[in-house]
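Below: the structure, in structure tokens.
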Amino acid sequence: MNIFAILFFCGLESLSKSLSDPPSVVSADRICKPGPPLKRTPGKTNCLIIGDSVSIGLEFSMSHFLVKRQHQMGCDGYQVQHAPWDDKDGGALDSKYGRQCLSLFLMTVMMEPTTYDVIIFNFGLHDVNYNGEWPEEYTSPADYAKNIGEIKSILISTGAKVGYVLTTPVPYNVSINNLVLEYNDIATNLMNQQPAIPIADLYTWVVEACGDPPYNNCKIAAKQPSPHYSPQGYQYLAQRLIYLVRDLKGKENGRRQDKYSHLNTLHEDTNKFKWMRSAFKDSVACRDKSGQVVTVCPSNSTCCASLFSSSGQGCCLLSQAASCSDGKHCCRAGYGCDPSCSVYQCNCLRNAKNHD
């Protein structure tokens, strides 16, 4: 065999080995924050809001407004919760993360199966990487459409009445705001496809109060640059979002409305929750420093300290995973967290020791 043949076969052997070896560097997974703390409350309209930090502010304002209305008008009580259970980060973040963690969002923090009368959801602000600091959150238009389409189908399958909320403006950057408009168009098209679900156009409501971006000073907006809102702004948007909740509930001014009668009504069809029971079998209890169970994760997952979970714990949907010190990422078995990991982005190194 001549030297060229030897080199050729050695090259093939080296290529085959390199293809069979696991990569030395992979992207870290993000820790799933858990679902809300409370199970369904009988006798109340149980509402779940799934979305980012804007929706966290809306959930707080909606809860207070509905309690006030209940005392004033003697109307039915409401229980409003946000998923994930997170009051200091970006909530459900981008649609990739939302799709990955959706099964946990639909259960309680203790992974108890529960049901809702109304579910409202939104994704978009993080998908466009609204401030340029979160590269792992950016989602292409095609993937965004795929993700929110799947999320819509899963939410409808729970039996709840489902509505969508369009993403609000990015006041300080016209280019990114143009992406918001593009993604809102994608979402509108998908939500209008059968089975169609109603949409709350928060984008237009903000523009009616503030004008088209860019704007630096608006009474309902937070201090710029920010996509968030003042307390007055959240109250303004929450009162309008309640119109969607009441329509989905099927009542307006005490009279039954049929405009959304094509949507599924709530029922305790346990067949729809087989996946929940399966996940709960051999579940993993996550404990705080005192030993108290504060979160429950699915089987074949790993409890991880979560900087942004209200329980302090979250679920890495990988078995025997390594928890990264940033409190947001985790690495599969056989990998360790890159020492440079941060909440913005993280990689995992093969056979590296963990630095948590």
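For the sequence shown, the residue numbers in mature numbering (1 follows the signal peptide of the UniProt record, and there is no 0) are -20 to -1, 1 to 336. For each residue, glycine too, the CB sits at the ideal point set by N, CA and C. Computed from a prediction, not measured in an experiment: that's the story for all the values here.
Length of the line joining the Cα atoms of residue i and residue j
i	j	result
P22	Q300	38 Å
N157	C266	40 Å
residue 337	K229	In the structure as shown, the chain begins at -20 and stops at 336. Residue 337 is therefore absent and cannot be evaluated.
K24	D227	16 Å
V323	C27	30 Å
N6	E113	The amino acid at residue 6 is misidentified as Asn; the sequence shows Val. Whole-angstrom Cα-Cα distance: 20 Å.
T275	Q293	6 Å
E248	C328	Per-residue confidence for E248 stands at a pLDDT of 39, beneath the threshold of 50, marking its modelled position as unreliable; no derived number is given.
Q325	V34	22 Å
P17	P64	10 Å
I100	N127	16 Å
L224	G139	17 Å
T282	T94	23 Å
A201	G213	6 Å
S133	F103	15 Å
T147	D1	43 Å
V160	Q272	42 Å
V186	A72	21 Å
P175	V98	16 Å
A302	N109	27 Å
D107	Q173	21 Å
L287	D32	16 Å
L105	L46	26 Å
P178	R330	47 Å
N164	S120	13 Å
A218	S137	26 Å
L305	V89	The sequence shown places Ser at residue 305, rather than the Leu named in the question. Cα to Cα, the separation comes out at about 22 Å.
S270	P115	36 Å
K19	G57	15 Å
T184	A125	21 Å
D123	N111	20 Å
C284	I166	35 Å
Y216	E188	11 Å
E162	G15	29 Å
Cβ shell of residue i (< 7 Å), same chain only, five flanking positions each side left out
i	result
E130	R79
R10	Y77, K308, H309
G70	D32, S33, H106
K68	F288
DSSP beta-bridge partners of residue i
i	result
Q325	S322
L28	Q61, I99
C198	Answer is none; C198 lacks a bridge partner.
C12	C295
S303	C310
V264	C277
A180	V145
residue 337	Past the edges of the chain, shown from -20 to 336, lies residue 337, and the structure says nothing about it.
A285	Q293
Y216	Y216 is not bridged to any residue.
S7	N327
Y315	R330
Sequence-distant residues of its chain with Cβ nearer than 6 Å to residue i (five each side left out)
i	result
C81	C12
Q59	T21, K24, N26
P211	none
H62	I29, I36, E39
Y96	N26, L28, A140
Same chain, Cβ closer than 8 Å to residue i, five either side skipped, listed in chain order
i	result
A332	Y315, G316, C317, D318
P278	S83, L84, M91, A259, F260, S263, V264, C295, L297
L221	L38, M42, I100, V145, A180, L182
D66	K13, I36, F288, S289, S290
G191	C198
Minimum Cβ-Cβ distance from residue i to chain D less than 8 Å
i	result
L84	Any reference to chain D falls outside this structure, which holds one protein chain only.
The region 180 to 195 contacting the region 147 to 156, beta-carbon criterion three pairs below 8 Å: yes
Identify every run of the beta strand (DSSP E) within the region 81 to 164, keeping only runs that are complete inside it and at least 3 residues long; order them along the chain. 98 to 101, 141 to 145
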